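Below you'll find the structure, written out as structure tokens, and then a few comments.
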Amino acid sequence: MRKRTLLLAATLTTGLLTALPLTPASAAPSGLSDDFNGDGYRDLATAAPYATVGGAALAGAVVVNYGSVSGIKASRRTVITQNTSGIPGTAEKGDEFGTELASGDLNNDGYADLVIGAAREDVGSDVDGGTAVIVWGGANGLSGGRAVSDPVASSHDRYGRTLAVGDFSGDGRADLAVGGDGKDISIHRGGFTKASGPASRHQLTTGMHTGPTGGAQSLSIDDIDGDGRDDVAVSALYEDIGSAELAGSVTVFRGATTGLSTSGVKSFTQDTAGVPGTAEKTDQFGKAVRLADLNGDGHADLSIGADGENDADGSLWTLRGTSSGVTTTGAISFGPSSAGISASGHPRFGFAMLR
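Its first residue numbered 146, the sequence shown is counted upward by one per residue in this note's numbering.
Right under this line is the structure:
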């Protein structure tokens, strides 16, 4: 998940969940994917992964401001750290709690839950192994949490660097995808409970390279083929394409009855037939990705940013979604000048997109 939208104190107090009392929702929970207290208003979660907590630099914190008829207020908030009561772990130097955020109703109680990545958390002797924590929503807002353990910790580090919540199997239950700096993405199947976590887990193996600049850099979720199951676009912006270093790629995995599948996987680079341009050094194709239905035909389209294109001028691509998945037929691409932005000074168009 990014932008500095609220000011945080340089040092957060330890061991406290800082919140104003919230009025419990009088009606049934709204079911919105980011309504943590079920009052029918969307809430805002903002990460500060480099915040100092209890004297621990770069420990990280997340601030949640609750929506209302008058919008959000800085004073109507919950501050979550690893020193917060009920939250697994301890705020430690360099954990970077808040590296990534995702939300959705994981335990199917009608209240959105917040997932927080701490990609630099040391897990036992595994330096920078990383972790993800679910903080449970309820009528009084967010409280209590459960760590989502890394099922294959030895195969990568920085678990929790990328997160996404979606229904990959179409069974009506939210699943959680967690990425690190390895080739695999961990899929935690829906049916979460506060006591035992996910119903099951499996690993989605990709062709991405590994290491600090490897693995999934960004995930975007939506239904491309209209089958009622969420698909996922995975960016690997530092991927080498042939001899072109850091050219970047985006891979799309389709949802299936068993969850995300390696069957029918499609990978896209600027060397893919029908994709405008050519894969070149430091293009970073996939710096930003978004799946969203841009033409109202019921199929999510794939948009890709490459902020390093044309000597860091940047560029944007959109590939249409169809009943058979993403197609390069009719693909469009344009840079900053075509979008009304000056190319002077290397604007890095495509650096980020709304997700």
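Positions of the beta carbon are idealized from the N, C-alpha and C atoms, including for glycine.
Being a predicted model, the structure only gives us computed values, none of them experimental.
Sorting Ala298, Asn252, Gly290 and Gly431 by C-alpha distance to the C-alpha of Gln362 places Gly431 at the top.
Counting C-beta pairs closer than 8 Å gives three or more between the segment 200-218 and the segment 239-253, which meets the contact rule.
For Pro481, the closest of Gly441, Thr473 and Arg493 by C-alpha to C-alpha distance is Arg493. Per DSSP, the unbroken alpha helix (DSSP H) holding Ala457 starts and ends at Glu454 to Ala457. Counting only unbroken stretches of 4 or more residues, no alpha helix (DSSP H) element lies wholly within the segment 389-440. Of the other Cβ atoms in all chains shown, 16 or more fall within 10 Å of the Cβ of Val209; this residue is therefore buried.
Annotation: the continuous beta strand (DSSP E) that includes His347 extends over Arg346 to Thr350. In the three-state scheme derived from DSSP, where H, G and I count as helix and E and B as strand, Ala309 is classed as strand. With contacts defined as CB atoms closer than 9 Å, Val379 and Val310 fail to qualify as a contacting pair.
Ser215 carries a coil assignment under DSSP once its states are collapsed to helix, strand and coil.
For a cut-off of 8 Å, the C-beta gap from Gly393 to Ala340 is around 41 Å, too long to register as a contact.
Residues of the same chain with a CB within less than 8 Å of the CB of Ala389, apart from the 5 flanking positions on each side, are Ala424, Glu425, Lys426 and Asp428 in chain order. Nearest to Pro357 by C-alpha distance, out of Asp375, Gly274 and Ser412, is Gly274. DSSP, read as helix, strand or coil, puts Ala190 in strand.
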